[in-house]
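**Student:** Got a structure for you, questions after.
In my numbering, the protein residues as written are -11 to 394.
Structure (structure tokens):
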């Protein structure tokens, strides 16, 4: 008998019909003799609906109260799934994060799981109940309700799997695995049977939305066996592996893209350059992640830095930096929302010096200008104008995944 933690996202539980289908999947696993812990997101569209209501009252709602509001979405979905499973003759119980003992930091909207007290969950499993847990949420040490931010339900599932020493954490979503690129952009994308944790971590950080970055980081930290499957047509999916020699390594394993980028430019005069360490410190203080960074000189009288942040953070970044121009020794801050990031990822990049040349040559042949670039042993990334994103993805996918490279 194995223990599986199964996570279902908003699309998978987006209607009563979908909840019934998820109940069938969970019951099937239970009938095979396994113990099951289920982690759910809110029904598709519910979190956005709640955010919209809050912003009708206040364009910048109080962060603590927003978390109280948003966690109601998961409470609905876990209760409905428990009802559907009980109706099928199996014992099930829905539990909120504080009932499970998920303790987090007090960064509202971006809390991190600090520990999970598993006593209650183990008791439920010993009584042969299917435990259905509200994802995306927790409690801080003062008893406040918190949310985990983007991808929080994936993170909840992985952390629970680690705490319970589960045999596998299964992420059920609306796609049937990890692909060489987004199939909605390039129909020639191919599903990967395996991908290493290092590659998945890079893909997630660069825009691949199958798994959220924090959940992959948690899986890697705890060495949790992780599998991505479709809740609509479940099969073997894609296994995230920790053995780099578990398959024949391709030079490039995937092409990732992200539209959720904003380029921030911090400019000064020729007499001084903005202090990068101060910019980074201000962003860190407000729990904002900076991605690609480069020094710039747009005109002889304007030098400084350009960097990218997630689009959800850019207004806050602009406000923070504009209020601290003197402190960071800058003259002007501006943003460019019309950009996107495109990347190639693969363990084989570090041993193949020709990848970077192929990457930039392919883009140049299509007349795609790169605004920023960065590389490491496992990735090559560029920022381009957003209008070129899909062309760049298809061009790079054809370059590294043509029929002749199979």
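No residue lacks a Cβ here, since even glycine has one placed at the ideal position from N, Cα and C.
1) What does the alpha-carbon distance come out to for the pair residue 13 and residue 118?
2) Spell out a yes or no on whether the region -4 to 6 and the region 150 to 167 are touching, meaning 3 or more CB-CB pairs, one atom from each, closer than 8 Å.
3) Alpha carbon to alpha carbon, how far is residue 42 from residue 337?
4) Nearest-angstrom Cα distance between residue 345 and residue 78?
5) When the distance is taken between beta carbons, is residue 251 closer than 8 Å to residue 323?
6) Out of curiosity, what's the CA-to-CA distance linking residue 333 and residue 342?
7) What number of angstroms, rounded off, separates the C-alpha of residue 30 from the C-alpha of residue 315?
8) Under 8 Å, with one C-beta from each stretch per pair, do the region 18 to 30 and the region 100 to 107 reach the 3-pair mark?
9) Assuming residue 371 and residue 284 form a contact by the criterion Cβ under 8 Å, report the distance between their Cβ atoms to the nearest whole angstrom.
10) Would you kindly work out how many angstroms separate the C-alpha atoms of residue 248 and residue -11, rounded to a whole number?
11) Do you know offhand how far residue 270's Cα is from residue 173's?
12) For residue 144, collect the residues of the same chain with a Cβ closer than 6 Å to its Cβ; drop the 5 residues on either side in sequence, then sort them by chain order.
13) What number of angstroms, rounded off, separates the C-alpha of residue 138 from the C-alpha of residue 36?
14) At which residues does the beta strand (DSSP E) containing residue 182 begin and terminate?
15) Could you tell me if residue 329 is buried or exposed, where buried requires 16 or more neighbouring beta carbons within 10 angstroms of its beta carbon?
16) With a CB to CB cut of under 6 Å and the five nearest residues on each side skipped, what residues in its chain are close to residue 155?
17) Along the chain, where does the beta strand (DSSP E) that runs through residue 360 open and close?
18) Name the DSSP beta bridge partners of residue 344, please?
19) Would you mind stating whether residue 189 and residue 367 have Cβ atoms separated by less than 8 Å?
20) Look at the alpha carbon of residue 8 and the alpha carbon of residue 307, and state the distance between them as a whole number of angstroms.
21) For residue 262, count the other beta carbons within 10 Å of its own beta carbon; 16 or more makes it buried, fewer makes it exposed. Which is it?
22) Taking all protein chains shown into account, decide if residue 221 is buried (16 or more other Cβ within 10 angstroms of its Cβ) or exposed.
23) Enumerate in chain order the residues of its own chain whose CB-to-CB distance from residue 376 is below 6 Å, with the five nearest sequence positions on each side excluded.
24) Please report the straight-line C-alpha distance between residue 130 and residue 309, rounded to a whole angstrom.
25) DSSP three-state label for residue 384, please.
**Tutor:** Once the coordinates are examined:
1) 12 Å
2) yes
3) Taking C-alpha positions only, residue 42 is separated from residue 337 by approximately 46 Å.
4) Rounded to the nearest angstrom, the two C-alpha atoms are 58 Å apart.
5) yes
6) 14 Å
7) Annotation: residue 30 to residue 315 spans about 42 Å, alpha carbon to alpha carbon.
8) Put simply, the region 18 to 30 does not touch the region 100 to 107. Fewer than three CB pairs are less than 8 Å apart.
9) About 12 Å separates the two Cβ atoms, so there is no contact after all.
10) For residue 248 and residue -11, the distance between alpha carbons rounds to 42 Å.
11) 36 Å
12) Within the same chain, residue 144 has close Cβ partners 27 and 123.
13) 12 Å
14) 182 to 184
15) The residue is buried, with at least 16 neighbouring Cβ atoms inside 10 Å.
16) -10 and -9
17) Segment 358 to 363, the beta strand (DSSP E) holding residue 360.
18) Paired residues: none, contrary to the question.
19) no
20) 46 Å
21) buried
22) With fewer than 16 other beta carbons inside 10 angstroms of its own, residue 221 counts as exposed.
23) Counting only Cβ-Cβ distances below 6 Å, and skipping sequence neighbours, we find 356.
24) C-alpha separation (whole angstroms): 31 Å.
25) helix
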